[in-house]
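Asks: Residue numbers (the working numbering): 34 to 345.
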């Protein structure tokens with residue numbers, strides 16, 4: 034399915050813990066780096082600019098609360114307005130983050146565009162299913178999938194009012210490798226209705242083949258479409274080291290590309306986002322070019338150099 038694309042920059046770093054030095058992570062640089070790596074030249078693509086967050090506040094984690102909670106609530110509302118406007122125009126938003134917390138703004142944007150029940154394909158190296166009390170970091174990024182289905186006593190779990198942004202039965206989680214880190218909310222994940230396909234299961238099945246059960250879940254007949262969340266740390270650190278919490282293993286670009294393409298080209302796909310790429314760890318911008326090429330392949334477009342995009 035051919036897509037008319039609109040880029041939306043989400044240079045958000047307030048939903049993730051600072052570096053060990055105490056400085057905010059430079060995820061705010063990611064949208065411009067990804068545009069320069071080739072995404073700005075995608076065919077049939079326009080650019081709706083950036084939605085800029087407020088400054089980082091919670092350098093010291095607040096007890097039992099997400100970092101920068103009020104700022105994230107406001108940011109998700111602003112991002113939602115931008116995403117909703119793109120969807121109303123009949124275009125396919127590609128949101129360039131930024132930390133994983135932007136998924137809340139993207140889903141809220143679909144709600145504001147009139148899509149009342151949507152699916153979510155969450156492609157990530159981590160479950161991100163913690164509550165504010167369970168999270169070891171207080172980062173919204175460590176709990177945003179849980180928040181999206183309404184877990185946790187925080188306004189971020191109630192952005193759409195009483196109903197969650199997405200029902201757990203309409204979610205597929207693909208590629209996680211955080212089995213040794215139960216503080217990502219594993220107990221609740223296992224008890225939920227989320228379709229959970231960790232990396233080992235997806236690789237055994239074949240990532241391309243894994244698209245079928247994922248689409249069966251997120252594009253079911255009763256749904257008004259689905260959103261695609263792509264976290265760069267789902268990829269193997271051998272090809273994508275420029276992330277905040279790399280996990281050993283993971284698919285390479287050639288494994289993941291056909292899976293993403295099957296999702297993006299499905300007629301019920303409403304948009305996608307790319308998160309957690311950190312240009313501070315990518316001085317030569319090789320990782321940016323690889324990510325741009327991966328998104329291009331999913332969209333059926335060649336972006337940049339195929340050699341630099343796939344080399345380990």
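Cβ coordinates follow ideal geometry from the N, Cα and C atoms, glycine included.
Verify whether the separation of the beta carbon atoms of residue 255 and residue 243 is less than 7 Å.
Replies: Result no, Cβ atoms of residue 255 and residue 243 do not sit closer than 7 Å.
Asks: Thinking residue 199 and residue 140 are a contact (beta carbons under 8 Å), I'd like their distance in whole angstroms, please.
Replies: Rounded, the Cβ-Cβ distance is 6 Å, consistent with contact.
Asks: Around the Cβ of residue 119, are there at least 16 other Cβ atoms within 10 angstroms (buried) or fewer (exposed)?
Replies: It is buried - the Cβ of residue 119 has at least 16 other Cβ atoms within 10 Å.
Asks: Would you report the Cα separation of residue 153 and residue 54, rounded to the nearest angstrom?
Replies: Cα-Cα distance, rounded: 34 Å.
Asks: With C-beta atoms as the reference, is residue 40 less than 7 Å away from residue 156?
Replies: No. Outside cutoff.
Asks: Compute every distance between the C-beta of residue 121 and the non-hydrogen atoms of the ligand FAD, then say whether any falls below 6 Å.
Replies: In terms of ligand content, the structure shown is empty, and the ligand FAD therefore cannot be addressed.
Asks: Would DSSP call residue 166 helix, strand or coil?
Replies: Reduced to three states, the DSSP call for residue 166 is coil.
Asks: Between which two residues does the beta strand (DSSP E) containing residue 38 stretch?
Replies: Segment 38-43, the beta strand (DSSP E) holding residue 38.
Asks: Short of 7 Å in beta carbon distance, which residues of its chain neighbour residue 272, apart from the five on each side in sequence? Order them along the chain.
Replies: These residues qualify, in order along the chain: 285, 286, 323 and 345.
Asks: Just to confirm my understanding: we take residue 148, look at its own chain, exclude 5 residues before and 5 after, and list those with CB closer than 6 Å. What are they?
Replies: Excluding residues within five positions, the ones whose Cβ falls inside 6 Å are 257 and 258.
Asks: Tell me the rounded alpha-carbon separation between residue 283 and residue 176.
Replies: Approximately 21 Å, taken between the alpha carbons.
Asks: Does DSSP classify residue 126 as helix, strand or coil?
Replies: Correct three-state label for residue 126: strand.
Asks: Around the Cβ of residue 340, are there at least 16 other Cβ atoms within 10 angstroms (buried) or fewer (exposed)?
Replies: Residue confidence for residue 340 is low, a pLDDT of 40 falling below 50, so the modelled location carries little weight; the figure read from the coordinates is stated next. Looking at its Cβ environment, which holds fewer than 16 other Cβ atoms inside 10 Å, residue 340 is exposed.
Asks: Give the range of the beta strand (DSSP E) segment to which residue 205 is assigned.
Replies: Run containing residue 205: 204-207, per the beta strand (DSSP E) assignment.
Asks: Considering only the alpha carbon of each residue, which of 237, 265, 292 and 220 lies closest to residue 248?
Replies: Ranking the options by Cα distance to residue 248, first place goes to 292.
Asks: Helix, strand or coil, according to DSSP, for residue 309 in the structure here?
Replies: Here residue 309 sits in coil by DSSP.
Asks: Taking Cβ to Cβ, would you say residue 49 is nearer than 7 Å to residue 172?
Replies: Cβ distance < 7 Å, so residue 49 and residue 172 count as in contact.
Asks: Is there a C-beta anywhere in chain B that falls below 7 Å from the one on residue 308?
Replies: Protein chain content of the structure displayed is limited to a single chain, and chain B is not contained in it.
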